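Residue numbers (this note's numbering), protein chains in the order written: chain A, 1 to 272; chain B, 1001 to 1272; chain C, 2001 to 2272; chain D, 3001 to 3272. Glycine residues also receive a C-beta, built at the ideal position from the N, C-alpha and C atoms. Note that the coordinates shown come from a computational prediction; the quantities given were computed from them, not determined experimentally. I have placed the structure first, in the form of structure tokens, so that the comments after it can refer back to it.
Protein chains: 4
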Amino acid sequence: ELSSWSFYRAGIAEFIATFLFLYISVLTVMGVVKSPTKCGTVGIQGIAWAFGGMIFALVYCTAGISVSFSANPLCFPFYLFKFAEYVYMVLVKTGGHINPAVTWGLLLARKLSVTRALFYMVMQCLGAICGAGVVKGFMGKNQFNTLGGGANVVAHGYTKGDGLGAEIIGTFVLVYTVFSATDAKRSARDSHVPILAPLPIGFAVFLVHLATIPITGTGINPARSLGAAIIYNKKHAWDDHWVFWVGPFIGATLAALYHVIVIRAIPFKSRS
Amino acid sequence: ELSSWSFYRAGIAEFIATFLFLYISVLTVMGVVKSPTKCGTVGIQGIAWAFGGMIFALVYCTAGISVSFSANPLCFPFYLFKFAEYVYMVLVKTGGHINPAVTWGLLLARKLSVTRALFYMVMQCLGAICGAGVVKGFMGKNQFNTLGGGANVVAHGYTKGDGLGAEIIGTFVLVYTVFSATDAKRSARDSHVPILAPLPIGFAVFLVHLATIPITGTGINPARSLGAAIIYNKKHAWDDHWVFWVGPFIGATLAALYHVIVIRAIPFKSRS
Amino acid sequence: ELSSWSFYRAGIAEFIATFLFLYISVLTVMGVVKSPTKCGTVGIQGIAWAFGGMIFALVYCTAGISVSFSANPLCFPFYLFKFAEYVYMVLVKTGGHINPAVTWGLLLARKLSVTRALFYMVMQCLGAICGAGVVKGFMGKNQFNTLGGGANVVAHGYTKGDGLGAEIIGTFVLVYTVFSATDAKRSARDSHVPILAPLPIGFAVFLVHLATIPITGTGINPARSLGAAIIYNKKHAWDDHWVFWVGPFIGATLAALYHVIVIRAIPFKSRS
Amino acid sequence: ELSSWSFYRAGIAEFIATFLFLYISVLTVMGVVKSPTKCGTVGIQGIAWAFGGMIFALVYCTAGISVSFSANPLCFPFYLFKFAEYVYMVLVKTGGHINPAVTWGLLLARKLSVTRALFYMVMQCLGAICGAGVVKGFMGKNQFNTLGGGANVVAHGYTKGDGLGAEIIGTFVLVYTVFSATDAKRSARDSHVPILAPLPIGFAVFLVHLATIPITGTGINPARSLGAAIIYNKKHAWDDHWVFWVGPFIGATLAALYHVIVIRAIPFKSRS
């Protein structure tokens, strides 16, 4: 695996995707918090769209980077039949995660190797750091730090337990959607699933932001939280930082367990 | 049916889906009503997106949980042909309702058994109660109750008749969309129908919220109304509560009648 | 045609669809204009979503009501091949117009008979009147009239020529999108076209509202303008009313000419 | 090529599409900036929707204008197999660019001829000028100029380097998405790619607007910037104008290089 170009290509794609994700989303956050009146900006809802929309576009663009098979015309009927399986490969084995918690959930479900998972996580974190760094370059150091730098912290009025719970359930929503969207291998039954797949995944991110921006600013992505925290680099952001690693990993674990134990526990054999 | 694992799996999926639906949507409502100025929040439109978007994502994720057939490669051409029928099964027989009014409408059209319908409704209500309960846990009891707890009540300035009418027509829009999206069995004529299906269903919920949040807060889902009312538990919410059961069930009945009597009254035989 | 049940079924479907369209959209408008501060509402953008989203959902639900052919399993390969043509039939011949200007454009392109076109237009106008009437019932006569009743008028600061121009170009955008979405008959080349079709049609309506709400409130649908005007019934709405019939019909005519003369003037024969 | 009607038809389609794009988007901008309080308008987020939504609708409508092959029924299995390739042709060779930077990126990747690329760019710029001109006609010269005319300038508080960087990365996001959406030729692996294609391309435009409206007003489309600048025609718009040509062309070049060198460097041969 380490000698395959597609392995590194997928890593580079994770880096670029996470870089663009942080760049667009943190820049949107900065534009909103910078303005004295929120009505003259895209608003908090616009921030939620930026996060969710980028995940939609990037999952669409990045998924499948490392998939490979020769497109032999004679094999077309075979392809049609294999369609569901390839889509499964595309989304599960081949990048387009843009989020260490997603990679972790898929690792738990044995959808990719430990080596690949670690490599993806490192590239995601590096991309996130660079993306937030470019925003800081545009805004200037002083302004960036005054405005909070898009870093995740537990908001005043909520306990760290609330924040942790919000991150756990939020990541559950996201990873549950990813598993539902990539469960197409087992049967051809949900033919609409792979076609729409990037859309509900992006919407899941959008929806969790709508709900939990007032609590934690919404992490549900340790690379996003780490990138913003490193570039912001203030004590109060680091104090809460563990919440944005522990929460997403617990949430992703629960989603993987729910999917593997409950939803797919018994093969789809008995007709309903 | 009671001895089939897929029966219980579908019930658990209904519970989890309704839990996540109430959690995300009520938390979004709380975030908006908590803020003194709505411009610093995702706004009322953001609430509508939270309800509609969650239904989109959850119908996408949950539909088909209890469908089962062996994915025999040799049967693939058969599957292709059966595609429309399976999608019909997926959405109609197998969960992803997340709403007792939808279950009721489909029961009227004889799309699922009475046992299954009752089981789904109970699981939906339990999920809704738990979802609203978690939000109350995060917000604290005092704040949650001060802010109205996301419970449905008929707004000041409107009669209960107005509220009932709004719930009837709103649920009609939703259940009419569900029937249109799941009518794919009859013929292959609307091949685009099953692929997009979760999107217009989610949009229907979003649109009804845009219109009727100022009147009733928008129920069109008795489980959602019951869950919020039980956790909120104030007299004025209980006084209006019947509106959010009677309205949706009348609306769903009308949509089922419209679909069965008008739209599908005479088989699709005569060419237009 | 007059003796076919599918003819009347399509008419009833147009009535119900236009009724629901006016009900949801005018109620959303009322909710926004009623509030002293727009930030506590879904906002003007929410109004645009209500109009565009309803068109998306209703085109999805209503298209194909009157299409009919027997779903003989043996014909499946034939169906696959005929797919594009059926989708064409579905959208063009069979309702889901919800708008006299769309019906007019399709009539010009000889996509439906004069009898059918007139019947659709009458049913659309009747549905629109009932939809706006129900909103008036909910709001009360005084409040409804004070708030403008969702009627289209040319805004202060713009001439009637500006309003007419805005209606012409806006309807051009809509009908141009409808033609593009229903041009699937000619060749199988745009296989993504029929699947997404209701989405860009709905977006076209949304986008025109974003742009021209400040000028005319956005008609681009004579049934919608007529329904609101009849229920509102004030002189200044009637004074401008011709703009919302002449504009859309000119715009639809231009879109039909553009499509027939420029885009499809010469058959798709020479390879690019 | 110069003697082919499909060549000129594609050019006319580019003209009309860019005309409608500027008309709707600049009119939306005018509606927002005209109002003293942004809450009574569709808001800055509404502007982002106007730009992104129009690109979605127009890519959907315009793509494939110049594609041509005879729809021989006997060739249907062939069509199915050729599906991915035709979609590739549709989006790459045949218009629906609506943006000189997109045309430039595709030219670099040798997806269309220099003659065609230049012709498209000229038609795009002419369409943009006319679109902005019509808005000026509606608003009146004085009001239009007072409100900034929708022209792109680097905002106060940002250097021209910031603006250039924002344009480069923003165009990279757009052209990277276009390349990802049109890479379907190589293999059938991403079957969901062509079906959704216009949606992520539109979303990319929407997302870049969310992020960079506060910096440059967001160009990422030299035709859009030129059209608005010519109709506005004030010195401070012309001073910054080079940013909106140099930035997009650099961004498109980087996206083309990234796609050709990294993503497709080695054919999809080795299984991951």
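{"Check": "Extent of the continuous alpha helix (DSSP H) to which A/K136 belongs", "Outcome": "V114 to M139"}
{"Check": "Contact check, D/G3163 vs D/I3215, beta carbons under 8 Å", "Outcome": "yes"}
{"Check": "Where B/L1257 meets chain C, residues with beta-carbon distance less than 8 Å", "Outcome": "Those do not exist, as B/L1257 stays about 12 Å from chain C at its closest Cβ, beyond 8 Å."}
{"Check": "N-terminal and C-terminal residue of the alpha helix (DSSP H) that A/R224 is part of", "Outcome": "P222 to Y232"}
{"Check": "Option nearest A/A128 by Cα separation, candidates A/S4, A/A223, A/R110 and A/A10", "Outcome": "A/A223"}
{"Check": "C-alpha distance - B/G1105 paired with B/F1051, whole-angstrom precision", "Outcome": "20 Å"}
{"Check": "Host alpha helix (DSSP H) of C/T2177 (start-end)", "Outcome": "K2160 to A2181"}
{"Check": "Residue-level contact to chain C via CB, B/Y1060, 8 Å cutoff", "Outcome": "no"}
{"Check": "Test item: CB-CB of D/V3208 and D/L3254 under 8 Å", "Outcome": "no"}
{"Check": "Chain-ordered residues of the region 3200 to 3228 of chain D with a beta carbon less than 8 Å from chain A", "Outcome": "P3200, F3203, A3204, F3206, L3207, V3208, L3210, A3211, T3212, I3213, P3214 and I3215"}
{"Check": "Cutoff 6 Å; reference C/P2198; Cβ partners in own chain excluding five residues on either side", "Outcome": "F2056, V2059 and Y2060"}
{"Check": "Interface partners of A/G165 on chain B, CB under 8 Å", "Outcome": "V1134, G1137 and F1138"}
{"Check": "DSSP-derived helix/strand/coil call for B/V1243", "Outcome": "helix"}
{"Check": "Between the CA atoms of D/G3046 and D/F3019 - distance to the nearest angstrom", "Outcome": "19 Å"}
{"Check": "Short-range partners of chain B found in the region 2047 to 2058 of chain C, where Cβ spacing is below 7 Å", "Outcome": "W2049, A2050, G2053, M2054, F2056 and A2057"}
{"Check": "Buried/exposed call for A/V114, threshold 16 Cβ in 10 Å", "Outcome": "exposed"}
{"Check": "Beta carbon of A/L226 nearer than 8 Å to that of A/G131", "Outcome": "no"}
{"Check": "Residue from A/A256, A/V262 and A/I263 whose Cα sits closest to the Cα of A/L107", "Outcome": "A/A256"}
{"Check": "Neighbourhood of C/Q2124 by C-beta distance below 6 Å, restricted to the same chain and skipping five residues each side", "Outcome": "E2014, T2018, P2100 and A2223"}
{"Check": "Run of the alpha helix (DSSP H) containing D/I3012, from where it starts to where it stops", "Outcome": "W3005 to K3034"}
{"Check": "Local Cβ density within 10 Å of B/W1049, reported as buried at 16 or more and exposed below that", "Outcome": "buried"}
{"Check": "Per-residue burial, C/Y2120 [other beta carbons within 10 Å of its own, 16 or more giving buried]", "Outcome": "buried"}
{"Check": "Cutoff 8 Å: D/R3110 Cβ touching any chain F Cβ", "Outcome": "The question asks about chain F, but that chain is absent: this structure's protein chains are A, B, C and D."}
{"Check": "7 Å CB neighbourhood of C/F2203 in its chain, flanking five on each side removed", "Outcome": "G2052"}
{"Check": "Buried or exposed by the 16-neighbour rule on C-beta atoms within 10 Å, applied to B/S1003", "Outcome": "exposed"}
{"Check": "Below-8 Å beta-carbon distance, D/P3031 vs any chain C residue", "Outcome": "The question names Pro, but residue 3031 of chain D is Gly in the sequence shown. Taking Cβ atoms only, chain C reaches closer than 8 Å to D/G3031, which makes this a yes."}
{"Check": "Assigned secondary structure, D/K3082 (DSSP; H/G/I helix, E/B strand, else coil)", "Outcome": "Because the pLDDT at D/K3082 is just 39, under 50, the model does not fix this residue reliably, and the value given afterwards should be weighed accordingly. In this structure, D/K3082 counts as helix in the three-state DSSP scheme."}
{"Check": "Contact set for D/C3172: own chain, Cβ-Cβ below 6 Å, skip 5 residues either direction", "Outcome": "Looking at the sequence provided, one finds Phe at residue 3172 of chain D rather than Cys. Excluding sequence neighbours, D/F3172 sits near G3251, L3254 and A3255."}
{"Check": "Environment of C/L2027 [buried if 16+ CB atoms lie within 10 Å]", "Outcome": "buried"}
{"Check": "Chain B residues whose Cβ lies nearer than 9 Å to that of C/T2115", "Outcome": "Result: empty, since nearest Cβ-Cβ is about 12 Å, beyond 9 Å."}
{"Check": "Buried or exposed by the 16-neighbour rule on C-beta atoms within 10 Å, applied to D/D3239", "Outcome": "exposed"}
{"Check": "C/N2152 classed as buried or exposed, judged by whether at least 16 other C-beta atoms fall within 10 angstroms", "Outcome": "buried"}
{"Check": "Extent of the continuous alpha helix (DSSP H) run through A/H259", "Outcome": "Here A/H259 belongs to no alpha helix (DSSP H), and DSSP marks it neither H nor E."}
{"Check": "Sequence-distant residues of the same chain with beta carbon closer than 6 Å to A/Y176, five excluded per side", "Outcome": "A255"}
{"Check": "Limits of the alpha helix (DSSP H) - the one that C/T2216 falls within", "Outcome": "P2198 to T2216"}
{"Check": "Separation of C/R2264 from D/F3076, as counted between CA atoms", "Outcome": "With a pLDDT of 34 at D/F3076, under the threshold of 50, the predicted position of this residue should be treated as unreliable, and no value is reported."}
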